[in-house]
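What follows is one structure encoded as structure tokens, with my remarks underneath.
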Amino acid sequence: MGLIYADIQLINGDDQALARRGYLREGEIKKIDTPALVDSGAYMLAINEQTKIQLDLAVLEEQIVELADGSLQKVEIVGPVEIRFENRQTTARAVVLPSSTDILLGSIPMEDMDVLIDPKRQRLVVNPAHPYIAQKPMKGFLRDDEAISSISDSIL
Numbered sequence: 091m092g093l094i095y096a097d098i099q100l101i102n103g104d105d106q107a108l109a110r111r112g113y114l115r116e117g118e119i120k121k122i123d124t125p126a127l128v129d130s131g132a133y134m135l136a137i138n139e140q141t142k143i144q145l146d147l148a149v150l151e152e153q154i155v156e157l158a159d160g161s162l163q164k165v166e167i168v169g170p171v172e173i174r175f176e177n178r179q180t181t182a183r184a185v186v187l188p189s190s191t192d193i194l195l196g197s198i199p200m201e202d203m204d205v206l207i208d209p210k211r212q213r214l215v216v217n218p219a220h221p222y223i224a225q226k227p228m229k230g231f232l233r234d235d236e237a238i239s240s241i242s243d244s245i246l
């Protein structure tokens, strides 16, 4: 399988929150449309320094990451970043890779948006089993009525 790129939109999540509360106009929200390398081997969204500056993202913390070549690098974690792809969106933190030019879309935001890699067409697609709204498993949780029934059964 070759390299797969997807056109995504990245939005400053803090700006988005301020706009929802009426403190910022829609046109003042910092956002960019960009191709991203789809990398299911990476966990998070990874951006470069230029993208961090363009979106004016806050540094939340520093972490150590292991790169593909096995080397360790101290990086900034920034956010929040809203990621949009077709009819899906998620909010995430991002790793800033200073020497990188590509933006990487990792597995956690992809799972949250319920999107898949289509190896035949070599592209990122909305999950065809759930085309209109993202769906995710929450198998560790019961519906409220099942939880109540389960609790009352254990008491009796």
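If you want the working numbering, it's the position in the sequence shown, counting the first as 1, plus 90.
For every residue, glycine included, the Cβ atom is placed at its ideal position computed from N, Cα and C.
Here the structure is a predicted model, which is why all the values come from computation and not from measurement.
{"Asked": "Just to confirm the assignment, what range does the alpha helix (DSSP H) spanning L152 have?", "Found": "Here the sequence assigns Glu to residue 152, which means Leu is not the residue at that position. E152 -> not in any alpha helix (DSSP H); beta strand (DSSP E) instead, spanning A148 to E156."}
{"Asked": "Below 9 Å between beta carbons: does that hold for I94 and V128?", "Found": "yes"}
{"Asked": "Expressed to the nearest angstrom, what Euclidean distance is found between the alpha-carbon atoms of A148 and P170?", "Found": "8 Å"}
{"Asked": "What does DSSP give as the partner residue(s) for K164 in the beta ladder?", "Found": "I154"}
{"Asked": "Take V215 and list the residues in its own chain whose beta-carbon comes closer than 7 Å to its own, dropping the five residues that flank it on each side.", "Found": "V205, L206 and D208"}
{"Asked": "How far does the alpha helix (DSSP H) with I198 in it reach, from first residue to last?", "Found": "S197 to M203"}
{"Asked": "Find the nearest neighbour of T124 within the set E166, P221, P218 and L194, judged by alpha-carbon distance.", "Found": "L194"}
{"Asked": "When burial is assigned at 16 or more other CB atoms within 10 Å of the CB, is T141 buried or exposed?", "Found": "buried"}
{"Asked": "Taking the straight line between their C-alpha atoms, what separation do you get for R213 and L150?", "Found": "32 Å"}
{"Asked": "Do you know offhand how far P188's Cα is from P227's?", "Found": "35 Å"}
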